[in-house]
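Enquirer:
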Amino acid sequence: MLRGRPGGAGDGDHDNVTLEQRIAEIIRPAIEDLGFELIRVLVSGQRNKKLQVMAEPKDGSAMNVDHCAVISRTVSALLDVEDPIDDHYVLEVSSPGIDRPLVKLADFAKFAGFDARVEMDVPVEGRRRFSGRLLGIDGTDVVMDVAEGEVRLPFADIQKSKLLMTDELIAAHQQADG
1083 MLRGRPGGAG
1093 DGDHDNVTLE
1103 QRIAEIIRPA
1113 IEDLGFELIR
1123 VLVSGQRNKK
1133 LQVMAEPKDG
1143 SAMNVDHCAV
1153 ISRTVSALLD
1163 VEDPIDDHYV
1173 LEVSSPGIDR
1183 PLVKLADFAK
1193 FAGFDARVEM
1203 DVPVEGRRRF
1213 SGRLLGIDGT
1223 DVVMDVAEGE
1233 VRLPFADIQK
1243 SKLLMTDELI
1253 AAHQQADG
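If you're matching positions, the sequence shown starts at 1083 in this note's numbering and goes up one per residue.
(1) Tell me which residues share the same chain as Pro1178 and place their Cβ nearer than 7 Å to its Cβ, disregarding the 5 neighbours each side in the sequence.
(2) Which residue marks the beginning of the alpha helix (DSSP H) containing Ile1113, and which one marks its end?
(3) If I measure Cβ to Cβ from Leu1133 and keep anything under 6 Å in the same chain, skipping five residues before and after, which residues do I get?
(4) Taking the straight line between their C-alpha atoms, what separation do you get for Gly1218 and Met1202?
(5) Please confirm whether Val1204 and Gly1214 have their CB atoms less than 9 Å apart.
(6) Please name the residue in Glu1207, Ala1106, Gly1221 whose C-alpha comes closest to that of Asp1156.
(7) Does Gln1256 come out as helix, strand or coil in the three-state DSSP assignment?
(8) Under three-state DSSP, which class holds Phe1237?
(9) Skipping 5 residues on each side, what residues in its chain have a beta carbon closer than 8 Å to that of Met1247?
(10) Does DSSP classify Ile1153 as helix, strand or coil?
(11) One question on the structure: do Val1224 and Val1185 come within less than 9 Å of each other, judged by their Cβ atoms?
(12) How should Val1233 be labelled, buried or exposed, when 16 other C-beta atoms within 10 angstroms of its C-beta is the threshold for buried?
(13) Under the three-state reduction of DSSP, which class applies to Leu1217: helix, strand or coil?
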C-alpha cells in the first residue's frame, strides 16, 4: 500500500483514489518488469509540482544512477501517455535510502530490531506520534517498544513512518552492501 497526501487529477473513474495511488497503478508493472520494487510515489507542490518515485532493486543490490535513469525514462514515457498530472511537474527518481520510509506492513517485520518514527491518523493511547524500536508485526498491527512500554499500532491507521538513522542501522546497511 502506498501512502501520501491525497492529490487532484481525479476523473470520474478515480474519485476515491489519490493521485499517488493512480500513478503507482500506472507505473508499478513496468518498474517490476525492470527488476525493481516500487517503494513510494509522492506528489508535492501546488504551482511547481514534483513527482517523487522511490524504488529499489528486487535482488537487494544497491540502487545506482543508471537504475534511476532507466526508471525515469520508463516512468516518463508511461506518464506522457496516461497524463494523470494536470500541470507540468519535475520527476525525481531515487532509492529509499538508509532512513527509508516504511510503507508496507511487511516493512515493519523486515526492519524489526531497528528504531523508527510512526505518525498515526488516529490516536493510539492518546498519541499520534511514536518513536522506538520495531518489534515486528502481529496480524495487521505494528508492534513497537517505546519509552512507555510495548505499543500496538493498527497498520491501517498509520499516516507515515520511517526508519531512524542510528549507528546500528548504518552498520547493518554497510554490512548488506558488502
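Glycine included, every Cβ here is placed at the ideal spot set by N, Cα and C.
Expert: So, to answer that:
(1) Ile1121, Met1136, Glu1138
(2) 1101-1115
(3) Val1125, Tyr1171, Leu1173
(4) 17 Å
(5) no
(6) Checking the displayed sequence, the identity of residue 1156 turns out to be Thr instead of Asp. Taking only the C-alpha atoms, the option nearest Thr1156 is Ala1106.
(7) helix
(8) Per DSSP, reduced to three states, the secondary structure at Phe1237 is helical.
(9) Ile1180, Asp1181
(10) helix
(11) no
(12) buried
(13) strand
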